[in-house]
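In the numbering used here, the protein residues as written are -6 to 689. In this text, a Cβ means the ideal position worked out from N, Cα and C, and glycines have one as well. Keep in mind that this is a model prediction, so the values were computed, not measured.
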Amino acid sequence: PSYSLRCYSTQPINTNNNDDKEVASDVKHRGSTKTKRAKSMARLIDTKTWSPHLESTLASLSPSLSKTTVLQTLHLIKTPSKALQFFNWVQQMGFTHNHQSFFLMLEILGRNRNLNIARNFLMSIEKRSGGLVKLEDRFFNSLIRGYGNAGLFQESVRLFSMMKSIGVSPSVVTFNSLLLVLLKRGRTNMAKSVFDEMISMYGVTPDTYTFNILIRGFCKNCMVDEAFVFFKEMGRYKCEPDVVTYNTLVDGLCQAGKVRIAHNVVKGMFKKSADLKPNVVTYTTLIRGYCMKQEIDEALVVLEEISCQGLEPNAITYNTLIQGLCEAKKFDKIKDILEGTRGSRFIPDTCTFNTLMNAHCNAGNVDEALKVFEKILELRVQPDSATYSVLIRSLCQRGNYERAEKLLDELAEKEILLSEVGCTPLVAAYNPMFEYLCGNGKTKKAENVFRQLLKRGTQDPPCYKTLIMGHCKEGTFKAAYELLLLMLRRDFVPDFDTYISMITGLLQNGEPLIALQTLEKMLRSSILPRASTFHAILAELLKNGYARQSASLVTLMLEKGIRQNISLSTNTVRLLFSSGMRDEAFEIVRSLYDNGYVVEMEELVHFLCLSKKLLEACKMLLISLKKQQSFNNDTCNIVIEGLCKVHKLSEAFELYYELVEKGVHQELSCLKDLKVSLEAAGKSNEAEFVSRRMPK
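This is the structure we're talking about:
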C-alpha cells in the first residue's frame, strides 16, 4: 500500500472566500454563461497562434471580463505559455489581477515544469500588481513544491532562502513542503535542520501533516528508529496521530523487519483513542510484513483479526497474502483461501492469477501455470502484459519456443502491451523470445512487439542490440539503422560489435553513405574503430563516386590520427579533380602532406595532364617540391612542354625556377622548347635565365 501525504496545514489560510465561492458556483453550474464563455476562449487560445487577430476575437467574445471567467479560462488552457499570454493580455485590457489569479498562474507554470519562468513571474508579482498584491508564503510554497516534483531539491532550498531574505515568513505549509522535498531526495540531515529551524528560529508549530511527512520520509530512508522518535514527539506539540500516521509507521517497521513491534503499535491504537482504529490498509501492511519474513501463520492470524474488527479484506489484502503463500510454496493453503472468499466481495483478479502463475513457473511447474492461464480465459479475467511475460519467459527457459511464439503473437495481436490497464511491462522479460526470433529470421516480428513496449515507455538497452544484430543477419540494414538512431535518441550507447556489424553489413549491401553516418555516430559515442574500418568505407565511397563524402572522411581520419592508405588518398584527390572540386583536392593534398602523408604524385600529374588540367598538374608539382618529395624528370618535362603548348609560360617558368632552386633541373629535356617559347613571347630575361642553365 502506498500513502499520499498532503503537505498542507490544518490551520486556516487567509484567502478571498468570495472569489472561491464565485468560482465554485460557476464550476458547479456548467451550463452558466461564464463557464461557456471560458470554454470558448480556452478552445480558441489552444488551437490558434497568439496574434492581434486572436486578441480581437477574444475581446468580442467577452467585452467585460469577470474574475470567474478569467480564472476558469486559465484553468482550461492546456499550454502554460499561452495561459501566461492570456494572463498578460487581460491585464492590458484593464482587468485587475488579485492574489487568487496570481497564485493560479504560478501553479500552472510550476505544475508544468516551466520553473524558471515561474520564478521570474513570482518575483514580478508586486510590480505587475502595482504593489496591490504582496508576496506571501503560499506563492513560494507552490514553487517549492514545483521544484521538488521536478527533482530539483537544491532549487527548492534556494527559493526557501530567498523567501526568508526578502522578509516573507515561512508558514507550517512552507516547512511541510520543503520537508517533503528533502526527504524524497533522502536528505535526512537537512530535514532535521529545517525542522529545528522551524521550531527554534521561527516558532512555527508543527501539525499532524508535518509529523506524517517526517515519519514517512525517515522510514523510506531506512531510519525507522528516528521516525519513532518523531512519533513520540507528537504529543509534545499537541498533535494527535491519525490512521495515516500509524499506517506510515507500521509500514516503516515492517520494511525494517520489525513486524512484531509494528503489530504491537497497531494494538496500541485501540488504547490511544476510541475514534482511532486500524483500517484495512493497516492490516494489509502487517500481512505483507509477516509474509516478507515467511511467517505465514502470523499473517493468517492478522487476516482473522480483520474480520474480528468488522472489516472486510480487499483485493490488495488477499493478493498480498497469496503472494506470501506462493513464496512459501504453500499452494494448498492458497486453494483454501480462495475457497474461503466465495460469497465475499473479493473476486480473484489479474494480479491474483499472475502471482499464482509466477510462483508455479519459479517452482518449475510450467504446466500448472498454463492451467492457471486457461482458468483466466475461462473466467474471462483480462490478462495483462505480466500474464504473458511470465509464461513466455518460462516457456523459453524450457525450450518450448513454439508455444511461447504463439503467446507472443496473441499478445501483439490484442495489443495488450499498449493497454494502460495492469502493470507496466518489462522489456527484459521478453529478451529470450527476441533472441530466439532474431536468430531464426523473424526480427521483424520481434521489433513489432518491441515497438509496442516502447510506446508504453519501457526499454532495455541489450534488446536494441539483439534486434539490430538480427536485422544485420537478415540483410535488412536500413531497419537496423533506424533502430540505431532510436537507441541514440534515447541516450543509449551501442557497443563496438553493434556498430561494426552495422557498418560491415551496410557496405556489403551497397550503402556506403549510411555506413559513413554510422561511423560518425560511433565516433560521437567515443568508440574508435580500427583503421581498416575507415579504409573499407572510403573504398566504397570512391567506388560509388562520392567525392565530397570521401574528402570528408579523409579529413576525419586525419583529425582522429588514423593511418592513411596512399592508394585511397590518391584516388580521393583524383575523384575530387574529376568532379570539378579543384580547391577541395588541393586542400586534401596539403593536409595529407602537413600530417606526414603523401600521394602518388606522378600518377596524379599524369592523370591531370591527360585530362588537360595542366595548371592543376603544375600546382601539384609545386606543392610536392615545397614538401621535398622527389619525382622523375619525365613528369616535369610533360608538364612544362604542355604548358608551353597552351602558352602558359609564366606557370611553366615558375615550375622550372622551383626545380632550379631545388637543384633538380639539369636532366630536363624540355629546356630548349621552354627557351624558344619564352623568346617568342618576348620574355627575354626568363629565356636568358633558362639559356644560362642549359647543358652545353
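- Under the three-state reduction of DSSP, residue 161 is assigned to coil, being neither helix nor strand.
- DSSP, reduced to helix, strand and coil, places residue 669 within a helical segment of the structure shown.
- Taking a 10 Å sphere around the C-beta of residue 442, we find 16 or more other C-beta atoms and assign the residue as buried.
- If the five residues before and after residue 384 are omitted, its C-beta is found closer than 8 Å to the C-beta atoms of 350, 354, 359, 362, 363, 366, 397, 400, all from its own chain and listed in chain order.
- Counting only residues of its own chain and dropping the five nearest sequence neighbours on each side, residue 67 has a CB closer than 8 Å to the CB of 76, 79, 80, 94, 97, 98, 101.
- Measuring C-alpha to C-alpha distances from residue 306 to each of 276, 317, 294 identifies 276 as the nearest.
- For residue 229, the closest alpha carbon among the candidates 192, 206, 116, 210 is that of 192.
- Contact fails between the region 153 to 165 and the region 176 to 185, because fewer than three Cβ pairs, one in each stretch, are under 8 Å apart.
- The beta carbon of residue 179 is closer than 7 Å to those of 214 in its chain, skipping five residues each way along the sequence.
- Using a Cβ distance threshold of 7 Å, residue 31 and residue 65 count as a contacting pair.
- With distances taken between CA atoms, residue 653 lies nearest to 686 out of 662, 628, 686.
- With at least 16 other beta carbons inside 10 angstroms of its own, residue 47 counts as buried.
- Residue 88 and residue 58 have their alpha carbons spaced roughly 7 Å apart.
- Between residue 340 and residue 313, the gap from beta carbon to beta carbon reaches 7 Å or more.
- Taking every protein chain shown into account, the CB of residue 347 has 16 or more other CB atoms within 10 angstroms, so this residue is buried.
- Going by C-alpha positions, residue 634 is about 19 Å away from residue 623.
- Residue 543 carries a helical assignment under DSSP once its states are collapsed to helix, strand and coil.
- In its chain, beyond the 5 residues on either side, 460 have a beta carbon closer than 6 Å to the beta carbon of residue 440.
- The straight-line gap separating the alpha-carbon atoms of residue 72 and residue 39 is approximately 7 Å.
- Under the DSSP assignment, residue 471 falls in the alpha helix (DSSP H) whose first and last residues are 470 to 482.
- The residues 495, 496, in chain order, have a CB closer than 6 Å to that of residue 511 in the same chain once the five nearest residues on each side in sequence are set aside.
- Annotation for residue 358: no alpha helix (DSSP H) segment contains it, and DSSP assigns it neither H nor E.
- Within its own chain, the residues whose Cβ lies closer than 8 Å to the Cβ of residue 684, once the five positions on either side in sequence are excluded, are 668, listed in chain order.
- Taking the C-beta atoms as reference points, residue 143 is found nearer than 7 Å to residue 106.
- Beyond the five residues adjoining it in sequence on each side, residue 343 comes within less than 7 Å, by CB distance, of 374, 375, 376, 377, 380, 415 in the same chain, given in chain order.
- A residue is called buried when at least 16 other Cβ atoms come within 10 angstroms of its Cβ; residue 258 meets this threshold and is buried.
- Sequence-distant partners of residue 369 (beyond 5 residues in either direction) whose C-beta falls short of 8 Å from its own C-beta, in its chain, are 343, 346, 376, 380.
- Measuring C-alpha to C-alpha distances from residue 199 to each of 208, 165, 518 identifies 165 as the nearest.
- Considering only 145, 412, 520, 508, the residue with the shortest C-alpha distance to residue 528 is 508.
- Secondary structure note for residue 46: its alpha helix (DSSP H) is the uninterrupted segment 45 to 54.
- Boundaries of the alpha helix (DSSP H) around residue 582: 575 to 587.
- For residue 246 against residue 206, the beta-carbon gap comes to about 18 Å, at or over 8 Å, which does not count as contact.
- In this structure, the CA atom of residue 403 is about 35 Å from the CA atom of residue 489.
- About 6 Å separates the beta carbon of residue 323 from that of residue 289, a gap short enough to meet the 8 Å contact definition.
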